[in-house]
Amino acid sequence: MINGQTVIYGLMGHPVGHSFSPAMHNAALAGLGLNAVYVPFDPPPDQLQAAVAGIRALGVAGVNVTVPYKEAVIPFLDELSAEAQSYGAVNTIVHRRGILTGHNTDGAGFIRALQEDAGFHPARGKTVILGAGGAARAVALALAGQGCPELVLVNRRPERAAQLAALVSAATGALVRACPWSAGAEPLATAAREAVLLVNCTPAGMSGGGDGPVDWPLPRGVPGPGQLACDLVYNPPWTPFLKRAAAQGAWVRGGLGMLLYQGVLALELWTGGKAPVDIMRRALLEQAGEWI
Ligand code: NAP
Numbered sequence: 088m089i090n091g092q093t094v095i096y097g098l099m100g101h102p103v104g105h106s107f108s109p110a111m112h113n114a115a116l117a118g119l120g121l122n123a124v125y126v127p128f129d130p131p132p133d134q135l136q137a138a139v140a141g142i143r144a145l146g147v148a149g150v151n152v153t154v155p156y157k158e159a160v161i162p163f164l165d166e167l168s169a170e171a172q173s174y175g176a177v178n179t180i181v182h183r184r185g186i187l188t189g190h191n192t193d194g195a196g197f198i199r200a201l202q203e204d205a206g207f208h209p210a211r212g213k214t215v216i217l218g219a220g221g222a223a224r225a226v227a228l229a230l231a232g233q234g235c236p237e238l239v240l241v242n243r244r245p246e247r248a249a250q251l252a253a254l255v256s257a258a259t260g261a262l263v264r265a266c267p268w269s270a271g272a273e274p275l276a277t278a279a280r281e282a283v284l285l286v287n288c289t290p291a292g293m294s295g296g297g298d299g300p301v302d303w304p305l306p307r308g309v310p311g312p313g314q315l316a317c318d319l320v321y322n323p324p325w326t327p328f329l330k331r332a333a334a335q336g337a338w339v340r341g342g343l344g345m346l347l348y349q350g351v352l353a354l355e356l357w358t359g360g361k362a363p364v365d366i367m368r369r370a371l372l373e374q375a376g377e378w379i
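Take our numbering: the final residue in the sequence shown is number 379, and no numbers are missing along the way.
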C-alpha cells in the first residue's frame, strides 16, 4: 500500500505509454517486498530540464531514461558512470542525497541476455550490426569490450556508420569496419556470410516505429544456419528481421532479453541488492505474450 514512506522510481521518455518497464519494475519491487513504486513520466521536450530538477526536488529515488532523452538529459546530471560517458547516453539515473548520477545499462544488458538467454559469447566470431544510432553504439562498444574479434557496422546513412566505427575502434582497439546499406554489395555480403552474430539495432519492424519498409542489406540466406540473429525490437515479438532469419534456419533472439537485463542492472543500481530476475521475466512475458 502506498503511504508516507513509499519510495518512487520511474521512467522518463516521450512517449512512454507503450513501455513494458512499469510492469516489470513494479512486479520486481513487490517481489522484493519493498515499499516502492515505479511510475511513467512523460515530460514534453521543453520541460526536460525542469523534469530532471524535479527528480532532485521531489526525492524520486531513480529513473530509467528512454527515447528521445538518453542523450538530452546529460547536461542536467551531476556525474556520469564510465559506461554512460563512453556511450554518450544515459538510460538510468540514480539519485542519492541530491546527487544525480547517469548510468547506462543497455550494453551490459545486451551482453547478459546473449550469455544467459542464448549461451553465446561475443568472442565467438565476427558480428554484423545494422544501424548506427544510440542502441547500436551501446551494443557495438559492449561487444568490442567483450572481445568480439571483428565488427561490421551497416547504416542507411553511411557517414554515421563510419563515425561509429571510428569511435568504437578508438575506444576499444577492436577491428571495426563500416559498410554502406546495400544488399549483395561487397565486402558486406562476404562479412555477413562469415558472421556468427547479426544484430538489428534499427527500429525497423517495431509496431508504430521505423520509418518505412526495410530492404535488408544482406545476401539471400543470411542470417541462416549456424548464425544467431538478434533484434533489439521486442514489440511485436516476431519482427520482420527475426521472421526472415528463422525462415532461413538461423537461431533467433528478440529484444525482451536485453530489456530484462538492462532493467535488472538498473534495479540493482537503485537498491544495491539482487534483482528478482524470474519475476521480472514473467512480468515481461505477460506483457509481450510470447518470448522470442
Ligand atoms: P536511434 O538512435 O534513433 O537510431 C536509429 C537507427 O536506425 C539509425 O541508425 C537509423 O538509420 C536506423 N533506421 C531507422 N529506421 C530505419 C529503417 N526503416 N531502415 C533502416 N534503418 C533504419 O534509435 P536507437 O535508440 O538506437 O534505438 C534503435 C532500436 O532499438 C529502437 O527500436 C529501440 O526501441 C530499440 N532498443 C531496444 C532496447 C531493448 O532493451 N530491447 C534498448 C535500446 C533500444 P539512419 O542513421 O540512416 O537514420
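Backbone N, C-alpha and C fix where the C-beta goes; we use that ideal spot for every residue, glycine too.
Query: Check Met99 in the structure and name its three-state DSSP category.; Result: strand
Query: Please confirm whether Ala58 and Tyr96 have their CB atoms less than 9 Å apart.; Result: Outside the shown range of the chain, which is 88 to 379, sits residue 58, and nothing can be said about it.
Query: Apart from the five residues on each side of it in sequence, which residues of its chain come closer than 7 Å, Cβ to Cβ, to Leu352?; Result: Thr192, Ala195 and Gly196
Query: Relative to the C-alpha of Ala258, which candidate in Pro312, Asn242 and Gln233 has its C-alpha closest?; Result: Gln233
Query: When the distance is taken between beta carbons, is Gln374 closer than 9 Å to Asn178?; Result: no
Query: Tell me the DSSP secondary structure of His182 in three-state form.; Result: strand
Query: Mind checking whether the beta-carbon of Cys288 lies closer than 8 Å to any heavy atom of the ligand NAP?; Result: yes
Query: Considering only residues of the region 269-323, which uninterrupted beta strand (DSSP E) runs meet the minimum length of 3 residues and lie entirely inside it, listed in chain order?; Result: 284-287 and 315-318
Query: Name, in chain order, the residues that DSSP records as bridge partners for Val339.; Result: Ala316
Query: Here's the rule: buried if 16 or more other CB atoms are within 10 angstroms of the residue's CB, otherwise exposed. What is Asn322?; Result: buried
Query: DSSP state of Phe197, grouped into three classes?; Result: helix
Query: Determine, using beta carbons only, whether Ala282 and Gln314 come nearer to each other than 9 Å.; Result: yes
Query: For Asp302, count neighbouring C-beta atoms within 10 Å of its own C-beta (all shown protein chains included) and say buried if the count is 16 or more, exposed if not.; Result: exposed
Query: When every heavy atom of the ligand SAH is checked, does at least one fall within less than 8 Å of the C-beta of Asp193?; Result: The model depicted lacks the ligand SAH and carries the ligand NAP instead.
Query: From Pro312 to Arg340, what does the alpha carbon distance come to, in whole angstroms?; Result: 14 Å
Query: Can you find the residues in the same chain that come closer than 6 Å, C-beta to C-beta, to Ala265, ignoring five residues on each side of it along the sequence?; Result: Leu240, Ala248, Ala249 and Ala252
Query: How big is the Cα-Cα spacing for Val364 and Arg199?; Result: 12 Å
Query: Beta carbon of Lys361: closer than 8 Å to some heavy atom of the ligand NAP?; Result: no
Query: Please classify Ala261: does DSSP put it in a helix, a strand, or coil?; Result: coil
Query: Suppose you measure from the CA of Leu254 to the CA of Val103; what does that come to, to the nearest Å?; Result: 30 Å
Query: Contact between the region 224-233 and the region 172-189 is defined here as three or more beta-carbon pairs at a separation below 8 Å; is this criterion met?; Result: yes
Query: Please find out if some non-hydrogen atom of the ligand NAP comes closer than 8 Å to the beta-carbon of Val301.; Result: yes
Query: In or out: Arg331 buried (at least 16 other Cβ within 10 Å) or exposed?; Result: buried
Query: Taking the straight line between their C-alpha atoms, what separation do you get for Leu347 and Met367?; Result: 7 Å
Query: Where does Gly189 sit, in a helix, a strand or coil, going by DSSP?; Result: strand
Query: Which residue spans inside the region 142-175 form an unbroken beta strand (DSSP E) run of at least 3?; Result: 149-152
Query: With distances taken from CA atoms, which of Gly221, Gly336, Ala279 and Gln92 is nearest Thr153?; Result: Gly221
Query: Would you call Glu166 buried or exposed, if buried means 16 or more other Cβ atoms sit within 10 Å of its Cβ?; Result: exposed
Query: Taking 8 Å as the cut-off, is the beta-carbon of Gln349 closer than that to any non-hydrogen atom of the ligand NAP?; Result: yes
Query: Do Leu275 and Cys317 have their beta-carbon atoms positioned less than 9 Å apart in this structure?; Result: no
Query: For Val226, which of helix, strand or coil comes out of DSSP?; Result: helix
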